[in-house]
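Under my numbering, the letters of the sequence shown match residues 49 to 189, in that order. Ideal Cβ placement from N, Cα and C applies to all residues, glycine included. Below is one structure; the comments refer to it alone.
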Amino acid sequence: MRFGFLFFLIIFISIDLNAQKKSSKTKQKTKKGDIIVCGPYPIALEFPGGDSALIDFTRENFNYTKLSFDSGEIKPTRIIICFVVKRDGYAKFKEVNLSKNVSIINEVKNLIEKMPRWKPEIVNGKTVDCEFELPILISHY
49 MRFGFLFFLI IFISIDLNAQ KKSSKTKQKT KKGDIIVCGP YPIALEFPGG
99 DSALIDFTRE NFNYTKLSFD SGEIKPTRII ICFVVKRDGY AKFKEVNLSK
149 NVSIINEVKN LIEKMPRWKP EIVNGKTVDC EFELPILISH Y
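Here it is, written out as C-alpha cells:
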C-alpha cells in the first residue's frame, strides 16, 4: 500500500514538474524582430479599428443606390462577399456568393478596392494569406 502511494506521488510530482517547463516555442521572433508570437496559436487578421469599423466602412462605401431596385433588376437579398487578405494586408476580390448579378459584383469589387490595409493573419511568426467572408443584406429601405 505504501509502495503504491509513493509510486503515485512520484508520478504526480514528475508530471507537475514537466508541466512547468517552458517550451522552446513559447516565444518566436520574425526575421524583422518586430513581431513576437506567444504559443502555437495564430494571430487573427483584423480590419483597422476592429469589426465595428468594418461595418461602418461597408455602410459608407457600399453604394447600393447605384443598383436599380425599381426596375426589378435587383431584389432585396443577402449576399456573402468572399475575398482574400493577402500577406501585405491588401484585400483581393474572390467571389460573391448568393448572387450572380453583374451590378452587385461590380459594386463589391469597388468596395474591396477601397478597403484600407488589414492587419494580416500571423501563423508561426509569418504573415499568411487568409480568406474572409462578409455577409451583407442588400435592401432598398
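Problem set entry | Beta-carbon contacts of N112 that lie in its chain and below 6 Å, excluding the five residues immediately before and after | Walking along the sequence shown from the start, residue 112 turns up at place 64. Here residue 112 is Tyr; the residue named in the question, Asn, does not match the sequence. For Y112, where only same-chain residues beyond five positions count, the Cβ hits under 6 Å are I186.
Exercise. With 16 other CB atoms within 10 Å as the buried threshold, where does E143 fall?
Worked result: Taking the first residue of the sequence shown as position 1, residue 143 is located at position 95. Counting other Cβ atoms within 10 Å of its Cβ, E143 stays below 16 and is therefore classed as exposed.
Exercise. Alpha carbon to alpha carbon, how far is E169 from D136?
Worked result: To locate residue 169, count along the sequence shown from 1; it is residue 121. To locate residue 136, count along the sequence shown from 1; it is residue 88. Between E169 and D136, the C-alpha separation is close to 10 Å.
Exercise. Tell me which same chain residues have a C-beta within less than 8 Å of the C-beta of L146, skipping the five on either side of it?
Worked result: Your numbering for residue 146 matches position 98 in the sequence shown. For L146, same chain residues with a beta-carbon under 8 Å away, outside a window of 5 residues either side, are T125, R126, I127, I128 in chain order.
Exercise. A139: buried (16+ other C-beta within 10 angstroms of its C-beta) or exposed?
Worked result: Locating residue 139 in the sequence shown gives position 91, where the first residue counts as 1. A buried status is given to A139, since no fewer than 16 other beta-carbon atoms sit within 10 Å of its beta-carbon.
Problem set entry | Nearest neighbour of F141, chosen from D104, E179, P183 [CA to CA] | Here the question's residue 141 lines up with position 93 in the sequence shown. That would be E179, whose Cα lies nearest to the Cα of F141.
Exercise. What are the boundary residues of the beta strand (DSSP E) that includes F110?
Worked result: Indexing the sequence shown from 1 puts residue 110 at position 62. Where F110 is concerned, there is no enclosing beta strand (DSSP E), given that its DSSP letter is neither H nor E.
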